[in-house]
Amino acid sequence: LKRVYRFEEGNAEMKNLLGGKGANLAEMTALGLPIPPGFTVTTEACQAYYTAGGKMPEGLMQEIHHALRGLEEAKSAEFGGLSRPLLVSVRSGSVTSMPGMMDTILNLGLNDDTVKGLAEQTGNERFAYDCYRRFIQMFGDVVLGIHSIYFERLIEKSRKENGRSCDQEISAGEWKELIAKYKWIVEDRTGQPFPQDVRVQLKLAVEAVFRSWNNMRAKVYRKAYGIPDEQGTAVNIQAMVFGNLGSGSGTGVLFTRNPSTGERELYGEYLADAQGEDVVAGVRTPKPVSELCSELPLVYEQLSAAAGLLEMHYRDMQDIEFTVENGILYLLQTRSGKRTAQASVKIAVDLTKEGILSKEEAVSRIEPGHLDQLLHRSIAIPPELAPIAKGLPASPGAAVGLIALDADTAERWAKDGRKVVLVSTETSPDDIHGILAAEGVLTSRGGMTSHAAVVARGMGKPCICGCEALSIDHADRSVRIGELTLAEGEEISLDASGGEVFRGGLSLSDPEITPELLTLLDYADEIRKLRIYANADTPHDARKAREFGAEGIGLCRTEHMFFSGSRLPIVQSMILAGGREERMLYLDRLLPMQQADFEDMFLAMDGLPVTVRLLDPPLHEFLPNPDQLREQCRKLEETGEDGEEVRKLKIMISKVNDLREVNPMLGLRGVRLGILFPEIYEMQIEAIFKAAQSALRRGVDVRPEIMIPLVGHPDELKRMRALVDDIAGQVLSEEFRGLVYRVGTMIEVPRAALLADAIAQHADFFSFGTNDLTQMTFGYSRDDAEGKFLNSYLDGNILKANPFQVLDQDGVGQLIQWAVTRGKAVKSFLKTGICGEHGGDRESISFCHRTGLEYVSCSPYRIPFARIAAAQAAL
Ligand code: ADP
Ligand code: MG
Ligand code: MG
């Protein structure tokens with residue numbers, strides 16, 4: 002079994018075996034790009050390490066040393082050699098990119114002897130000892146588990162004592178002194194001297210990279226992104242090139258397009274005289290990569306050529322890591338760049354227009370999380386409000402939350418249901434759980450490619466970095482900005498798109514739809530099979546829905562029209578009426594109001610179907626609270642005045658009591674209302690047809706669909722259908738008799754799904770009301786489950802997802818499938834769709850597509866999301 006692949010032997014297709022980094026290093030080598038020589042230890046070797054209970058697989062080190070000989074030849078150097086020592090990096094590399102989550106060790110191969118060789122070879126003693134101290138520090142951290150802070154503190158102290166303002170000024174002698182202390186720390190903390198045998202160093206480093214697969218932050222990251230635990234990491238061993246050789250050297254990262262906006266430009270950061278992590282660690286603030294253009298023009302030219310080549314080759318925006326050693330460019334990594342939602346859409350559309358991607362590919366490239374972000378929140382900043390601080394707009398969007406000063410606090414508060422903003426000096430991979438928990442991130446140090454920025458962009462979290470005015474007092478648990486002190490737990494708002502921080506909680510507002518998003522939505526519309534309807538109860542919502550591309554109203558809940566201030570008292574009197582006659586009196590008053598509402602809806606949806614659901618909720622939802630009534634009554638009685646009012650209240654109380662139910666959700670509601678009090682449904686149906694007729698007179702193309710809720714028995718629908726046809730006949734004048742309307746039902750009681758064939762005989766359409774259907778199939782009260790037991794079920798993995806958010810395909814889905822099949826067997830033209838929360842969920846939409854539904858209906862703001870999700874389902 003081959004466990005070691007030279008870069009020359011691999012390619013980009015071999016990600017599963019070589020990890021993303023290794024496979025791409027191989028691919029770039031084959032492309033002829035300047036890649037320092039190296040080889041990759043496979044993920045299988047890592048898996049074998051774990052299967053053996055954390056033991057190096059037999060013979061692996063021999064294979065590694067064999068491959069190392071190739072590097073020695075290529076570099077005319079010798080691993081552990083005294084005159085020309087070969088130094089290598091030992092780099093982790095998982096199959097799915099997990100930026101910064103795992104470990105890498107640089108400058109391996111240095112010891113007390115080889116460091117002298119390196120100094121002689123380069124004629125640069127300062128450089129050699131800088132490498133050595135970096136190596137001890139990284140090795141100490143990654144392999145020996147000694148936190149870098151112990152080393153950093155020593156540097157800090159030495160800098161102060163010797164009056165150095167930055168690491169570049171530290172002399173060779175000072176590094177030597179520090180190295181002595183470093184070694185002492187290692188010995189003190191591990192009980193062993195720092196390993197001088199380079200072979201031992203290498204073995205320990207490979208093992209440490211294997212182990213880093215299971216460090217806490219990597220586990221958290223995998224869980225968050227659904228990356229399988231058994232994948233394991235590859236290990237890349239590569240000859241070192243040096244960016245810390247003075248001003249003609251340096252290191253940087255480069256995006257082939259702007260990862261925030263998607264603009265086509267080289268975008269990145271570069272730090273002269275630096276190595277590896279210096280750029281992302283946010284220790285010194287790097288320069289924009291464009292400055293290389295004047296400083297090292299040849300390097301810049303090569304870099305932009307490589308960027309263009311790689312983008313074309315991979316057909317996607319790339320995130321490239323590079324190092325310049327004495328004016329010579331080396332590439333060290335390329336991968337698909339993490340990007341903001343906005344950039345992701347722009348890049349996909351631009352690449353399609355440039356002829357690099359097909360429309361299908363463009364649509365499939367969009368991550369649902371990004372769409373979510375794009376279609377939500379930005380912040381409404383009152384014009385007179387000034388920000389308290391400014392930083393770099395590292396990941397756009399807006400966030401409002403309580404200041405949390407460390408990741409653990411952020412996580413804890415978020416678990417308690419509070420919204421938090423993680424505020425810290427800089428973040429490290431150990432803070433991943435805090436970033437996940439937070440609404441947004443604010444750091445005082447670091448650039449656009451600092452850890453916080455990269456991670457936040459990937460997660461679609463708003464993030465502001467390098468907000469230098471800000472200082473954090475951990476002892477006092479507070480944040481200081483100039484004169485201003487904010488305690489931990491105070492509320493702040495981030496406008497991360499503009500890089501501005503505000504005190505207090507500002508309100509978040511609707512998204513804007515960019516031209517690129519519109520184009521992408523057009524692509525999606527060409528691909529998808531599902532139609533997208535909206536749940537909209539008001540003409541305003543209907544218009545909004547249409548703007549977002551709704552092709553109809555799938556659910557108009559008439560009861561929402563009953564709740565407005567002036568109507569509620571009439572509705573209440575109607576419900577409490579003594580008999581049919583009295584009730585009719587109030588219904589007559591409601592009729593013109595409903596009619597006007599419906600007419601507006603038809604106008605807004607000219608040419609498109611409008612599905613009106615007749616009254617559904619339990620009647621008590623409209624009535625006053627009996628306890629409050631009693632209290633009111635008691636007060637009146639005490640004053641002894643107004644006996645008439647007291648009498649009325651008492652009647653009201655007893656009527657409200659009469660209507661009380663133990664299980665209102667399973668009580669007198671939905672079609673049962675229509676059966677018991679047909680006059681209510683009659684009024685609504687009359688209003689619909691009168692509105693339709695009057696809209697028709699105005700030249701509007703009206704397509705009413707009347708939906709009967711909560712049917713469980715075919716005869717219920719049969720009776721209601723007869724009622725609709727009857728009233729249509731009465732209301733519509735000769736001229737408009739030909740109006741095509743549909744009568745259908747919600748399928749939300751399991752019995753209706755089971756008897757779909759019998760029900761279909763009376764229905765033109767089925768709309769799966771998955772909220773109630775889920776509630777009744779599981780037997781979970783939706784209003785109680787979440788607070789009472791659902792979380793335990795989710796935590797304990799009994800349920801994979803909240804079935805009220807993600808459609809339960811195993812159970813509820815089976816009922817839907819059954820009903821669709823049986824219904825269509827009876828009526829091939831039966832129209833089927835889904836309304837309810839699930840209409841806006843990606844997996845549920847995909848299920849609807851596979852099940853052959855005609856449409857999904859979701860909230861207006863969710864429509865662009867649903868259009869793309871439906872297209873992705875069709876790919
Ligand atoms: P990560 O996966 O965390 O990005 P990498 O393995 O890419 O870790 O290493 C981090 C950085 O270390 C690289 O971006 C690069 O700057 C530096 N580095 C890695 N290998 C080498 C090398 N052979 N020569 C010079 N620098 C290297
Ligand atoms: Mg790293
Ligand atoms: Mg890297």
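In the UniProt record's numbering, the protein residues as written are 2 to 876. All C-beta atoms in this analysis are idealised placements derived from N, C-alpha and C, irrespective of residue type, glycine included.
Assuming residue i is part of the alpha helix (DSSP H), what are its boundary residues?
{"i": "V716", "result": "First, the amino acid is wrong: residue 716 is Asp here, not Val. Element bounds for D716: 715-732."}
{"i": "E322", "result": "Run containing E322: none in the alpha helix (DSSP H); it sits in the beta strand (DSSP E), 319-326."}
{"i": "S229", "result": "This sequence places Pro at residue 229; Ser is not what is there. Here P229 belongs to no alpha helix (DSSP H), and DSSP marks it neither H nor E."}
{"i": "A438", "result": "433-438"}
{"i": "I689", "result": "679-698"}
{"i": "F128", "result": "126-143"}
{"i": "C849", "result": "843-852"}
Using a Cβ-Cβ cut-off of 8 Å (strictly less than) and excluding sequence neighbours within five positions of residue i, which residues of its own chain qualify?
{"i": "W176", "result": "R127, Y130, D131, Y133, R134"}
{"i": "T450", "result": "V254, G269, E270, V280, V281, P287"}
{"i": "R631", "result": "I654"}
{"i": "L569", "result": "F563, F623"}
{"i": "K182", "result": "L155"}
Give me, in chain order, the residues of the same chain whose beta-carbon lies closer than 7 Å to that of residue i; leave out the 5 immediate sequence neighbours on both sides.
{"i": "H850", "result": "K530, L531, A871, A874, A875"}
{"i": "Q573", "result": "F623, L624"}
{"i": "Q810", "result": "F848"}
{"i": "D230", "result": "R223"}
{"i": "A470", "result": "A390, I482, G483"}
{"i": "V314", "result": "In the sequence on display, residue 314 carries His and not Val. Only L32 meet the Cβ criterion."}
{"i": "G11", "result": "L19, G23, A24, A27, T41"}
{"i": "R581", "result": "E680"}
CB residue i to CB residue j, shorter than 7 Å?
{"i": "V732", "j": "E680", "result": "no"}
{"i": "F563", "j": "A692", "result": "no"}
{"i": "C557", "j": "D538", "result": "yes"}
{"i": "F766", "j": "G814", "result": "no"}
{"i": "D784", "j": "V807", "result": "no"}
{"i": "E517", "j": "K347", "result": "yes"}
{"i": "residue 899", "j": "P100", "result": "Because the chain in this structure spans residues 2 to 876, residue 899 falls outside the shown range and cannot be described."}
{"i": "A605", "j": "P540", "result": "yes"}
{"i": "L522", "j": "R868", "result": "yes"}
{"i": "G671", "j": "M708", "result": "no"}
{"i": "L330", "j": "V300", "result": "yes"}
{"i": "S345", "j": "D317", "result": "no"}
{"i": "L660", "j": "E646", "result": "no"}
{"i": "K76", "j": "L87", "result": "yes"}
{"i": "V657", "j": "P627", "result": "yes"}
{"i": "S90", "j": "M241", "result": "yes"}
Could you give the first and the last residue of the continuous beta strand (DSSP E) run that contains residue i?
{"i": "M708", "result": "704-709"}
{"i": "M747", "result": "743-748"}
{"i": "D474", "result": "471-474"}
{"i": "Y6", "result": "5-7"}
{"i": "V42", "result": "39-42"}
{"i": "C464", "result": "464-466"}
{"i": "V424", "result": "421-425"}
{"i": "R481", "result": "479-482"}
{"i": "Y856", "result": "856-859"}
Below 8 Å on the Cβ atoms is my contact criterion, and I expect residue i with residue j to pass it. Report the Cβ-Cβ distance as a whole number of Å.
{"i": "P861", "j": "A535", "result": "5 Å"}
{"i": "L255", "j": "A308", "result": "6 Å"}
{"i": "G770", "j": "I748", "result": "7 Å"}
{"i": "D758", "j": "V827", "result": "5 Å"}
{"i": "P388", "j": "V502", "result": "6 Å"}
{"i": "L145", "j": "T191", "result": "5 Å"}
Tell me which same chain residues have a C-beta within less than 6 Å of the C-beta of residue i, skipping the five on either side of it?
{"i": "A457", "result": "S396, V442, C464"}
{"i": "Y682", "result": "L615, G675"}
{"i": "E491", "result": "I404"}
{"i": "V703", "result": "F603, A693, A696, L697"}
For residue i, verify whether its CB is less than 6 Å away from any heavy atom of ligand 4.
{"i": "E322", "result": "Among the ligands in the structure shown, ligand 4 does not appear; only ligand 1, ligand 2 and ligand 3 can be found there."}
**Item:** Whole runs of the alpha helix (DSSP H) within the region 488-560, excluding any shorter than 4 residues
**Value:** Runs found: 516-528, 540-548.
**Item:** Complete runs of the beta strand (DSSP E) confined to the region 53-114 [at least 3 residues]
**Value:** 89-95, 105-109
**Prompt:** For the region 586-650, which segments carrying the beta strand (DSSP E) assignment without a break, of at least 3 residues, lie completely within its bounds, in sequence order?
**Reply:** 610-614
**Message:** Just to confirm the assignment: which complete alpha helix (DSSP H) runs, minimum length 4, are found wholly within the region 758-841?
**Reply:** 771-779, 783-786, 792-796, 813-827
**Prompt:** If you scan the region 327-388 from start to end, which runs of the alpha helix (DSSP H) of 4 or more residues do you find wholly inside it?
**Reply:** Listed in chain order, the complete alpha helix (DSSP H) runs (minimum 4 residues) inside the region 327-388 are 342-354, 360-366, 369-375.
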